[in-house]
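*Asks:*
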Amino acid sequence: MKVLKFGGTSVGTADSIKAVIGIIENNLAKDERIAVVFSAMGGVTNRLIEIGRMAASGNKEYVDFLKVVEERHFAVVRALIPVKHQSSTFAAVRGLFNELGDILKGVSWIRELSDRTLDLIMSFGERLSTLVISEVLVSKGINTAFCDARQIIYTSDQFGMAEVDFELTDHLILEHFAKSTALQCITGFIASTADGVTTTLGRGGSDYTASIIAAALEAECIEIWTDVDGMMTADPRKVANAFTIPSISYAEAMELSHFGAKVIYPPSLQPAFAKNITLKVLNTFNVDFEGTYVQKTANGKDYAITGISSIDEIALVNIQGSGMIGVAGISGRVFTALSKNDISVILISQASSEHSICFSIDPKNSNKAIEILEKEFAIEIELGHIDSVGVQKNLSIIAIVGEGMKQSSGVSGKLFSVLGKNGINVVATAQGSSELNISVVIARNDLSKALNAIHGVFFQSETRSLNLFIVGVGLIGGTLLNQIKNQTQYLREEKLLNLNIAGLTNTKKMLLDADGVDPGKWKERIDEEGVKTSLPAFVQRMIELNLPNSVFVDCTSDKDIVQYYHMLLDASISVVTPNKVANSGSYAEYQSLQRTALKRGVKFLYETNVGAGLPIINTMQGLMASGDKFLKIEAILSGTLSYLFNSFTKGVRFADVVREAKAMGFTEPDPREDLSGADVARKILILAREVGVPLEPEDISIAKILPENCLAAATVDDFFQEMENSDSYFAELAENAAAEGKKLRYIASLDHGKATVELKAVDDSHPFYNLSGSDNIVSFVTERYKDRPLVIKGPGAGAEVTASGVFADIMSISSYLG
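In the working numbering, the protein residues as written are 27 to 844.
1. Below 6 Å CB to CB, which residues in the same chain sit around A260 once its five sequence neighbours on both sides are set aside?
2. Can you give the beta carbon distance from G340 to D388, rounded, assuming they're within the 8 Å contact cut?
3. On the premise that V683 lies in contact with F674, defined as a C-beta separation below 8 Å, what is that separation, rounded to the nearest angstrom?
4. Mind the definition here: the region 129 to 144 touches the region 27 to 35 only if three or more C-beta pairs lie below 8 Å; say whether that holds.
5. Give the DSSP bridge partners of W251, in chain order.
6. So for F315, helix, strand or coil by DSSP?
7. Between the beta-carbon of I159 and the beta-carbon of V63, is there less than 8 Å?
8. So, using beta-carbon positions, are I43 and W251 closer together than 8 Å?
9. Among A704, E87 and D338, whose alpha-carbon lies nearest the alpha-carbon of S664?
10. From the DSSP output, in three-state form, read off M187 for me.
11. State buried or exposed for G428, treating a residue as buried only when at least 16 other CB atoms are found within 10 Å of its CB.
12. Considering only residues of the same chain and omitting the five flanking positions on each side of E555, which have a CB-CB separation below 7 Å?
13. Can you tell me where the beta strand (DSSP E) with D580 in it begins and where it stops?
14. Kindly indicate which three-state DSSP category R137 falls into: helix, strand or coil?
15. For M80, which residues from the same chain have a beta carbon less than 6 Å from its beta carbon, with the 5 sequence-adjacent residues on both sides left out?
16. Let me know the secondary structure DSSP gives M690 once reduced to three states.
17. Quick one: grab the DSSP three-state call for E246.
18. Who are the near neighbours of L737 in its chain, counting only those whose CB is closer than 7 Å to its CB and skipping five residues on each side?
19. When you compare each of E408, N605 and I369 to K390 by their alpha carbons, which one comes out closest?
20. Whose C-alpha, out of I712, K401, F91 and M257, is nearest the C-alpha of K606?
21. By Cβ distance below 6 Å, which residues in the same chain neighbour E694 in space, the five residues on each side in sequence not counted?
22. Evaluate contact between the region 435 to 451 and the region 354 to 370, counting only Cβ atoms and requiring at least three cross-stretch pairs below 8 Å.
23. Which one of S273, K322 and H592 has the shortest CA to CA distance from L295?
24. I need the DSSP call for K288, collapsed to helix, strand or coil.
25. Measuring alpha carbon to alpha carbon, tell me which residue in I803, F656 and M749 is nearest E809.
26. When you compare the region 771 to 781 with the region 618 to 629, are there three or more beta-carbon pairs, one atom per stretch, that lie closer than 8 Å?
27. Where does V788 sit, in a helix, a strand or coil, going by DSSP?
28. Which residue's Cα is closest to the Cα of S275: G416, I839, V307 and V254?
29. In three-state terms, what does DSSP make of N644?
30. Taking the beta carbon of W548 as the centre, do at least 16 other beta carbons fall within 10 Å, making it buried, or is it exposed?
31. Output the distance between the C-alpha atoms of Q647 and G416, rounded to the nearest integer angstrom.
32. Name the residue from L776, H592, A834 and P733 whose alpha carbon lies nearest to the alpha carbon of I755.
33. Here's the rule: buried if 16 or more other CB atoms are within 10 angstroms of the residue's CB, otherwise exposed. What is I398?
34. Is the beta carbon of I238 less than 8 Å from the beta carbon of I179?
35. Could you work out which residue in A456, F361 and Q346 is closest to E406 when comparing CA atoms only?
36. Using DSSP with H/G/I as helix, E/B as strand and the rest coil, what is A704?
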């Protein structure tokens with residue numbers, strides 16, 4: 027024996043009812059013995075409540091609203107029942123609406139809507155849907171009987187949420203089913219007192235009906251047919267990566283339901299659970315999907331937690347005071363007072379010092395709760411033993427649920443870590459001794475961000491996302507996007523990572539899309555959909571989106587963009603950049619950015635500030651973290667200057683080498699910007715700060731390469747002319763080096779806290795002697811690498827290597843946040 031229950035969306039339209047009929051026919055074709063419980067058509071119960079209240083207020087428009095509901099049922103009759111069978115069904119449906127109309131007319135006369143009358147009005151939703159569907163089945167030749175649950179389920183007269191008389195009800199159900207072999211189509215949600223007065227079963231009423239009947243008949247299974255593929259790991263409207271939970275225990279289902287999961291209402295299924303009846307949650311519109319099995323004990327789990335649930339809006343009430351410490355009965359008085367006034371408590375958290383108790387409730391009850399508690403503890407408040415009772419609003423609750431937490435260590439640590447890394451403050455927390463549930467209270471505007479971040483960490487077999495906001499989509503930014511495009515499939519399949527391009531901007535247009543921009547089509551989209559660039563608006567919108575795992579990627583050298591770094595880091599958004607401006611300004615600014623990132627638990631990464639894609643800064647940070655000490659740093663940190671002095675040898679004019687490099691695009695339009703050494707000075711300054719030397723930009727000593735006449739030239743052409751005029755000066759440099767068996771290298775050094783940038787001649791014992799092309803090289807002398815320096819060498823410029831360095835920093839953040 028199986029009991030099938032179909033919810034409001036499943037019976038909401040003629041098309042959905044067709045799907046329901048198909049499911050019923052499929053069961054009957056397998057000779058399954060079934061009974062079927064139906065909810066009201068989707069939205070009808072709420073509309074009937076609204077109509078009842080309109081009538082009670084004297085609003086005569088309720089008649090028009092009622093006609094709309096009536097026509098909705100008639101439309102199903104016309105669509106699903108052959109014309110020759112329609113008249114009797116129309117008559118039966120019209121009879122119910124006439125009865126309902128008379129009741130509403132009475133309500134409008136006396137201007138009163140009691141709970142008893144409202145129960146009667148609401149009962150028409152299930153009576154109508156079940157009547158129509160049973161007639162559809164009859165018209166298809168199926169032996170069907172309409173069963174009004176008011177005849178077989180008896181309750182108390184507690185209207186709105188009646189208590190079932192199980193002894194009498196079980197007897198009536200068994201007696202009813204023994205009398206008939208017809209398919210029973212049963213009204214959900216409704217029942218009656220022994221005197222025949224209509225009642226309703228409260229939240230989850232139709233589930234409750236199915237459970238009551240299944241328990242009485244000792245059915246093997248209850249199937250709850252709804253519009254989703256079972257119970258999900260999280261609300262799919264808030265978490266795009268949520269997926270169906272194949273198997274879940276009664277206890278887990280109870281917890282998830284308490285904290286907002288609305289697919290089923292497990293308390294209403296308690297009669298079935300008590301008899302170990304399996305529950306299946308299935309999708310009316312995806313009948314081949316296996317859905318979720320709810321049983322006493324769930325099958326083996328792949329994850330430490332089973333699901334994540336949430337309540338969108340709660341208020342947190344706090345009562346505290348030194349007079350509470352060690353005083354017995356305070357908690358009892360708090361919750362007794364609330365219970366007497368029908369205020370339900372969702373979550374409770376109490377300090378171990380007994381100094382405070384906080385609890386969450388429905389916000390609409392918050393003012394009432396304050397009044398009750400202030401009255402209850404009036405004397406203690408007056409004496410100062412208890413502070414005034416406080417309330418916080420605009421909060422939400424998230425609960426992670428799973429029996430697997432008992433066997434998995436570190437679950438709570440992982441939860442609080444991911445919240446911290448995304449800048450989400452926990453206002454209150456509660457964990458039961460059963461280790462089945464950990465609940466946290468957070469700001470409501472962080473709910474979606476928190477759900478997605480938590481889901482990504484605990485269900486890592488599903489792809490997690492990093493949300494990228496890229497400023498500067500020119501040479502480096504454009505190359506980065508192309509690299510992301512080429513790696514998208516690999517990252518999703520091998521790293522279970524989705525790099526979601528949530529924002530892009532160049533100097534003219536910007537585009538923000540939380541759902542993502544295809545990295546292969548970004549040019550078309552920013553051209554077609556982009557709006558005029560406003561960096562303040564871009565940053566503000568990025569913060570407002572409040573997406574989890576957000577990363578700001580600055581692929582520019584713009585000094586104005588740096589002013590937003592603090593704001594972004596403070597909003598718990600990581601920053602990745604090749605832009606050297608922030609780290610080569612004042613030391614106080616450098617320190618402030620580092621402290622803000624550390625405080626907010628996010629990353630500020632800038633590997634490409636020095637050496638493009640070479641792992642220079644990461645290596646230094648790793649050595650420092652492991653306790654090594656830097657004694658000396660020497661480095662060639664300009665690809666341009668590396669190329670120039672690798673090409674400049676005895677017999678070659680330096681002016682020709684510079685002119686050739688400029689023609690190849692290796693130098694700035696005015697080569698003096700490279701030859702000034704200012705960029706190299708910024709880089710050694712950054713390296714000095716990384717090893718803890720607090721230098722300012724003016725502390726870097728730069729030895730000039732160029733004679734004064736070259737520096738003073740009015741134009742670039744004049745500069746090259748002066749270079750030729752000074753050829754003897756440059757030739758002497760090359761000749762002297764060659765005479766000593768040395769080569770010229772433009773070297774930045776940090777030695778005993780002093781940073782210098784100068785042209786040096788090095789012999790073949792030096793690690794820089796054999797450098798070629800435009801490579802960068804850095805030599806670290808540390809306590810551990812004292813006799814043989816640690817050397818890192820490779821291309822230190824170019825869009826591809828710089829973009830790859832930025833990409834590597836992004837991947838580092840994905841590992842940290844994941």
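Even for Gly, the Cβ is constructed at its ideal location relative to N, Cα and C.
*Replies:* So, from the data block:
1. Around A260: A268, I334, L477 and H481.
2. Residue identity check: residue 340 is Ile in the sequence provided, not Gly. Between D388 and I340 the Cβ distance is about 7 Å, and since that is below 8 Å, they are a contact.
3. Between F674 and V683 the beta-carbon gap is near 5 Å, inside 8 Å, which marks them as a contact.
4. No, they do not touch.
5. Partner(s): F32 and L308.
6. Note: F315 maps to coil in three-state DSSP.
7. For I159 and V63, no; Cβs fall outside 8 Å.
8. In this structure, W251 does not lie closer than 8 Å to I43 by Cβ.
9. A704 is the residue among A704, E87 and D338 whose C-alpha sits nearest the C-alpha of S664.
10. In this structure, M187 counts as coil in the three-state DSSP scheme.
11. By the neighbour-count rule (16 or more Cβ atoms within 10 Å), G428 is buried.
12. The residues L537, in chain order, have a CB closer than 7 Å to that of E555 in the same chain once the five nearest residues on each side in sequence are set aside.
13. Segment S576 to D580, the beta strand (DSSP E) holding D580.
14. Residue state for R137 is assigned as coil, using DSSP reduced to three classes.
15. The answer, listed in chain order, is Y88.
16. Three-state result, M690: coil.
17. The answer is coil: DSSP assigns E246 none of H, G, I, E or B.
18. Once the five neighbours on either side are set aside, the close Cβ partners of L737 are R698.
19. Of the candidates E408, N605 and I369, the one whose C-alpha sits nearest the C-alpha of K390 is I369.
20. Ranking I712, K401, F91 and M257 by Cα distance to K606 puts I712 first.
21. Cβ within range, chain order: D700.
22. Taking 8 Å as the limit for Cβ pairs, the verdict is that the region 354 to 370 does not touch the region 435 to 451.
23. Ranking the options by Cα distance to L295, first place goes to K322.
24. In this structure, K288 counts as coil in the three-state DSSP scheme.
25. Of all alpha-carbon atoms in I803, F656 and M749, the one lying nearest the alpha-carbon of E809 is that of F656.
26. Taking a cut-off of 8 Å for Cβ pairs, the region 771 to 781 and the region 618 to 629 do not touch, as fewer than three such pairs fall below it.
27. For V788, the three-state secondary structure derived from DSSP is strand.
28. Comparing Cα-Cα distances from S275 to each of G416, I839, V307 and V254, the minimum goes to V307.
29. Looking at N644 - three-state DSSP - the assignment turns out to be helix.
30. That one is buried.
31. C-alpha of Q647 to C-alpha of G416: approximately 46 Å in a straight line.
32. The residue asked about is misnamed: residue 755 is Tyr in this sequence, not Ile. With distances taken between CA atoms, Y755 lies nearest to P733 out of L776, H592, A834 and P733.
33. Per the 10 Å Cβ criterion, buried.
34. Yes. Within cutoff.
35. Of the listed residues, the one whose Cα sits closest to E406 is Q346.
36. DSSP places A704 in helix when its eight states are reduced to three.
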